[in-house]
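Chemist: If you're matching them up, the sequences are chains E and G in order. For what it's worth, the working numbering labels the leading residue of the first sequence as 2, then goes sequentially. For what it's worth, the working numbering labels the leading residue of the second sequence as 2, then goes sequentially. Don't be surprised by glycine CBs; every beta carbon is placed ideally from N, CA and C.
Protein chains: 2
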Amino acid sequence: MEKALKQLREIDKEIVLLAHTAALLGWDQETYMPAKALYERSEQIALLQGMVHERITNPQCAELLAELGATPENPSGNAGLSELERAFIRETFRRHTRAAKIPQSLVVEMAKTTSVAQGVWIQARKASDFKLFQPHLEKIITLLKQIADCLGYTDSAYDPLLDEYEPWMTCREVEEVFSRLKEPLVQLVQQIVASKQRIDDTVLTHRFSADKQAEFNLFVLKAMNFEFERGRLDVSAHPFTTTLGMDDVRLTTRYNEKYFPTSLFGTIHESGHGLYELGFAEEIKGTLLGNAASLGIHESQSRLWENMVGRSLSFWKGFFPQLKRFFPEALNNVEYGQFYRAINCVKPSLVRVEADEVTYNLHIILRFELEKKLISGELVVEDLPQAWKQESKNLLGIEPENHAQGCLQDIHWSMGAFGYFPTYTLGNLYAAQFYDTLCREQPGLERELAQGNLKPVRRWLEENIHCHGAVYPAGELCQRVTGEQLNPRFFIEYLQKKYGALYDF
Amino acid sequence: MEKALKQLREIDKEIVLLAHTAALLGWDQETYMPAKALYERSEQIALLQGMVHERITNPQCAELLAELGATPENPSGNAGLSELERAFIRETFRRHTRAAKIPQSLVVEMAKTTSVAQGVWIQARKASDFKLFQPHLEKIITLLKQIADCLGYTDSAYDPLLDEYEPWMTCREVEEVFSRLKEPLVQLVQQIVASKQRIDDTVLTHRFSADKQAEFNLFVLKAMNFEFERGRLDVSAHPFTTTLGMDDVRLTTRYNEKYFPTSLFGTIHESGHGLYELGFAEEIKGTLLGNAASLGIHESQSRLWENMVGRSLSFWKGFFPQLKRFFPEALNNVEYGQFYRAINCVKPSLVRVEADEVTYNLHIILRFELEKKLISGELVVEDLPQAWKQESKNLLGIEPENHAQGCLQDIHWSMGAFGYFPTYTLGNLYAAQFYDTLCREQPGLERELAQGNLKPVRRWLEENIHCHGAVYPAGELCQRVTGEQLNPRFFIEYLQKKYGALYDF
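1) Starting from the N-terminal side, write out each stretch of the alpha helix (DSSP H) that is 4 residues or longer and does not extend beyond the region 316-363 of chain E.
2) Three or more beta-carbon pairs under 8 Å between the region 265-284 of chain G and the region 247-256 of chain G, yes or no?
3) I'd like the list of long-range same chain contacts for Ile-285(E), defined as Cβ closer than 6 Å, with 5 residues on each side in sequence excluded.
4) Looking at Cys-151(E): is its Cβ nearer than 7 Å to the Cβ of Ile-103(E)?
5) Please determine, among Gln-45(G), Glu-64(G), Lys-37(G), the residue with the shortest C-alpha to C-alpha distance to Thr-98(G).
6) Nearest to Val-236(E) by CA position, among Leu-48(E), Leu-496(E), Ala-215(E), Ala-224(E), is which residue?
7) Evaluate the contact criterion for the region 322-329 of chain E versus the region 179-199 of chain E: three or more CB pairs, one atom per stretch, below 8 Å.
8) Taking 7 Å as the threshold (beta carbon to beta carbon), is Val-110(E) in contact with chain G?
9) So, are the CB atoms of Ala-294(E) and Leu-69(E) less than 7 Å apart?
10) For chain G, is any of its Cβ atoms less than 7 Å away from the one on Leu-18(E)?
11) Under 7 Å, do Leu-162(E) and Gly-420(E) count as touching if we go by C-beta distance?
12) Verify whether the separation of the beta carbon atoms of Asn-218(E) and Thr-268(E) is less than 7 Å.
13) Measure the C-alpha to C-alpha separation of Val-382(G) and Lys-132(G) and round it to an integer number of angstroms.
14) Please confirm if Glu-174(E) has its CB atom under 7 Å from at least one CB of chain G.
15) Quick check on the DSSP output: the beta strand (DSSP E) that includes Val-236(G) runs from which residue to which?
16) Are the beta-carbon atoms of Glu-300(G) and Tyr-425(G) separated by less than 7 Å?
17) Using a Cβ cut-off of 7 Å (strictly closer), state whether Thr-253(E) contacts chain G.
18) Mind checking Lys-373(E): buried by the 16 CB within 10 Å criterion, or exposed?
19) At a Cβ cut of 9 Å, what residues of the region 26-43 of chain E count as close to chain G, listed as they run along the chain?
20) In angstroms, rounded to a whole number, what distance separates the CA positions of Ser-350(G) and Pro-136(G)?
21) Using a C-beta to C-beta distance shorter than 9 Å, which residues of chain G count as neighbours of Gln-45(E)?
22) Counting Cβ pairs, one atom from each stretch, are 3 or more of them under 8 Å apart for the region 7-25 of chain E and the region 203-213 of chain G?
23) Could you give the distance in angstroms between the alpha-carbon of Gln-497(E) and the alpha-carbon of Val-352(E)?
24) Restricting to Cα atoms, I'd like to know which of Leu-234(G), Thr-244(G), Phe-229(G) is closest to Thr-22(G).
25) What does a CB cutoff of less than 7 Å around Leu-305(G) pick up in its chain, not counting 5 residues either side in sequence?
26) Just the C-alpha distance for Ile-141(E) and Thr-115(E), rounded to the nearest angstrom, thanks.
27) DSSP three-state label for Thr-171(G), please.
28) Per the DSSP calculation, Arg-251(E) is bridged to which residue(s)?
29) When the Cβ atoms of the region 444-452 of chain G are set against those of the region 305-317 of chain G, are three or more pairs found closer than 8 Å?
30) Determine the chain B residues that contact Gly-232(G) at a beta-carbon separation under 8 Å, and present them in chain order.
31) Name the two residues that bound the continuous alpha helix (DSSP H) containing Cys-408(E).
32) Report yes or no: is there a C-beta of chain G within less than 7 Å of the C-beta of Asp-249(E)?
33) Can you have a look at Ser-77(E) and say buried or exposed, based on whether 16 or more other CB atoms are within 10 angstroms of its CB?
34) Report the CB separation of Pro-457(G) from Gln-443(G) in whole angstroms; it is logged as a contact under 8 Å.
35) So, is the C-beta of Leu-48(G) closer than 7 Å to a C-beta in chain E?
36) Please report the straight-line C-alpha distance between Thr-47(E) and Asp-505(E), rounded to a whole angstrom.
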């Protein structure tokens, strides 16, 4: 058994090294790569990804896992093993069986289809032409159903797709959580829209030079204890975080000189992801367990930093004097309370990535409802634009005038990523629930934030969440950290309290 | 036979993609990688290099090569194949047989030994402590002799080592060429030292801001037609050029604000390498033949641009007005002839990388003589410092006061790179010979340079040298381009003419 574990670990080690190398190829492509290198770069990435896939599906893995007692009913294997060993077996079993169930031909067809579809999506969005994209989305959904069939499910075909991003969670569980979230959210938005209290956010559109924004980003990252010996911040067209090594996590941002919040909150958000990736305990670093428990948990880390901390009054009490030093002209006559209100302006809008933290989740519920129906067949692709409009009206009270601002706005579906969207809102919910526990366990926290001290947040997250990596499934982690299962009431209460004060109800 | 070729090409393709990926890992390590990522990065590079080695030594290659008629006597295989096919087979045969002859255990031991030795060398150089480094160098030489034995040789054990860097050239050939170079060089240096003509180069040590240097570097690279859609210039501690894709060649430089020539001539030098790597013909790009014919030929491209072009009077007639625009303060009262003299000041010195283009080759002859003797056993490592001093005195007329400025100054031997040094001087010799042909074929060249037009140089090199890649061995390429074998007289005449005018003899 010792030997089988050792062999599995060796295979895992190669997978980690190859996956990190593939991540470097991707990072470089988005940051520094010269334009014409794209063609060979795609081949390099495909080769490395193929090598990773080969190792994940290696038939020897199945034998070793069987030897260790892992079965679909008992994926963690032999009861005599340690907790860490059983977690490692569980995750290896999950990864191997998922990948091994999908025939290579289907993997290749999906890769080709989405590669073409992404190009078409860019054109279609530019021209706001849904018909152009429609056949590609139809093909993707056909393939996704085949993949779901290969993976198997008892309840809905959406389950095995969701499981890719939010392991061990079912569609029904998401539905249950979202159903408790939806009504209070819609109501809250209506209260805000109806409020006589108006927020003036024109201060954010003064000119903030990119150089100074970059300096302030570094200042905040340092306060968050982001270790620059183990990471970097660069510029890319679309912000992301990527892990190139167990001691090498890279963030990117972009600068908009006419709208200051994009880069700062984007950077805090990515740093939240980055700190998670840098916080895995020594004994799981560089292994399969040195990974997020789920995308929802990953997103909880970015959202907690971005919203619960970064958009809080206490944070700006501490950091606004610093911000003013960087931008004396733009912020000359502004005080921190005014700035706090500006960055928390709520307004139903059509584009998800520009949404505030309240309406954002309605965008997600909309997508979740529609993609479930697309997979079940309840909704055909042809009718998607109309359904989108209708749901937008229902949830946000507004509807898009064109497809570019409607069902063509996101890249995800063109990549075949169905089941991904709900993890964004799960992240917000987990974030609020974790933050509630954090505040209860550290009653002096707000005072620390107001003094510009972010270390207690970083430390608590590291000790309670980051260090565990993927040792516990998301649900179990939530239970251990907060004492209960995921519960949307924390998020709802957080919003009601914050926005009740801001909008005076 | 078609099928065998196709299979060899597929293996080669994977090698190219993996080698370029390994090169990205290396480039990133020297430019942007955060410090603590080093440990895993070394593992990533080792894994990728291992995969390349596995593919090069793949026993299937030997079978396919045999099928194509390749033998040690006839490495290009079946006479019925095209010239390109035969060149591809020749280079594949060479690469495979060299690698397959060295047992894996010896490869691993060499890698471990040099990895440790490089760390020790850094310490030893810092402390100028040769005794510290001595046992490591002894071990390296023992292993190199074993490698030479595995590879086999008829004349000297140095031959198979040299062949790694300068394929198809023998130690005796280098000796013959160097013997014709040495006396005239020593004589030339003596004439310069004896000359009453003094060159004032204080202008170079004014303050030149790094930002402006970077801008001027880009200006010159553009004039050289370096395509920024297929390459970049970044900063690293030690300048280098690396190829990350057939359309992705990256240069690095470093800035010294108190000594201007370091970065500019370094950048022109690296760009000379880079243009070669970017100039391979379409039909060989991304294959084994899309590579330099030899390190000597590679160096000829960097030296031709750096010295024959970049340190010429015509070049500065064209570019000095531009340079003045970038550095109006430092160059206010300077005219181009004065600047030309300053950058061509000759003075025997102890450190190779700081040497001028005349004395530089004496540093190389010194190393070549000593490393040959170390391999043959004529010189034991213990006596190296003394021998170095003696040769330095003989060739340069000066001797080092400590080992850091003597036999510990270069990294090459700690890396096991014996046979590498001579390629630097071969590069200078090839460069002068190529440049002579270029000037004869394009009589108006100097006029073009004087107008800041570098395109004719770029075009001629691309059409006559770059496009061929490794299709012709270095000697054959030289014959085709210049009509004769490598002949040191071109370089000697070039130096005599240039420095006779500068130093008035």
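Modeler: Taking the definition as stated:
1) For the region 316-363 of chain E, whole alpha helix (DSSP H) runs of length 4 or above, ordered along the chain, are 337-343.
2) Enough Cβ pairs lie closer than 8 Å, so yes.
3) Non-local C-beta neighbours of Ile-285(E) in its own chain, meaning closer than 6 Å and more than five positions away in sequence, comprise Gly-291, Gly-470, ordered along the chain.
4) Yes, Cβ-Cβ distance for Cys-151(E) and Ile-103(E) is below 7 Å.
5) Of Gln-45(G), Glu-64(G), Lys-37(G), the residue nearest in Cα terms is Glu-64(G).
6) Measuring from the Cα of Val-236(E), the nearest candidate turns out to be Ala-215(E).
7) Contact between the region 322-329 of chain E and the region 179-199 of chain E is absent: fewer than 3 CB-CB pairs across the two stretches fall below 8 Å.
8) According to the sequence as given, residue 110(E) is Glu; it is not Val. Cβ-Cβ to chain G under 7 Å: no for Glu-110(E).
9) Not in contact: Ala-294(E) and Leu-69(E) (Cβ atoms no closer than 7 Å).
10) It does; some Cβ of chain G falls within 7 Å.
11) In contact: Leu-162(E) and Gly-420(E) (Cβ atoms closer than 7 Å).
12) Contact flag set, yes.
13) So the two alpha carbons sit approximately 10 Å from each other.
14) It does not; no Cβ of chain G falls within 7 Å.
15) 232-236 is the extent of the beta strand (DSSP E) around Val-236(G).
16) Result yes, Cβ atoms of Glu-300(G) and Tyr-425(G) sit closer than 7 Å.
17) Chain G contact via Cβ: absent.
18) Buried, because 16 or more other Cβ atoms sit within 10 Å of the Cβ of Lys-373(E).
19) Answer set for the region 26-43 of chain E: Leu-26, Trp-28, Asp-29, Thr-32, Tyr-33, Met-34, Pro-35, Ala-36, Lys-37, Ala-38, Leu-39, Tyr-40, Glu-41, Arg-42.
20) Approximately 28 Å between the Cα atoms of the pair.
21) Identification of chain G residues near Gln-45(E) by a Cβ-Cβ cut-off of 9 Å yields Leu-18, Leu-19, His-21, Thr-22, Leu-25, Leu-245, Gly-246, ordered along the chain.
22) No, the region 7-25 of chain E is not in contact with the region 203-213 of chain G.
23) The alpha-carbon atoms of Gln-497(E) and Val-352(E) are separated by roughly 23 Å.
24) The shortest CA-to-CA distance from Thr-22(G) to any of Leu-234(G), Thr-244(G), Phe-229(G) is the one to Thr-244(G).
25) By the criterion of a C-beta distance shorter than 7 Å, Leu-305(G) is surrounded in its chain by Gly-273, Ala-432, Phe-435, Tyr-436, once the five residues flanking it on both sides are discounted.
26) Using only the alpha carbons, I get a separation of about 7 Å.
27) Coil, per DSSP.
28) Arg-251(E) pairs with Arg-233(E), Thr-243(E).
29) By the Cβ rule, the region 444-452 of chain G counts as touching the region 305-317 of chain G, because three or more pairs are nearer than 8 Å.
30) The structure shown has no chain B; the protein chains it does contain are E and G.
31) Where Cys-408(E) is concerned, there is no enclosing alpha helix (DSSP H), given that its DSSP letter is neither H nor E.
32) For Asp-249(E), the answer is yes, since a Cβ of chain G falls inside 7 Å of its Cβ.
33) By the neighbour-count rule (16 or more Cβ atoms within 10 Å), Ser-77(E) is buried.
34) Indeed, because the Cβ distance is near 6 Å, the residues count as touching under 8 Å.
35) So, interface residue.
36) With the sequence shown as reference, residue 47(E) is identified as Ala, and Thr is not the correct amino acid for it. When the Cα atoms are used, Ala-47(E) and Asp-505(E) turn out to be separated by approximately 54 Å.
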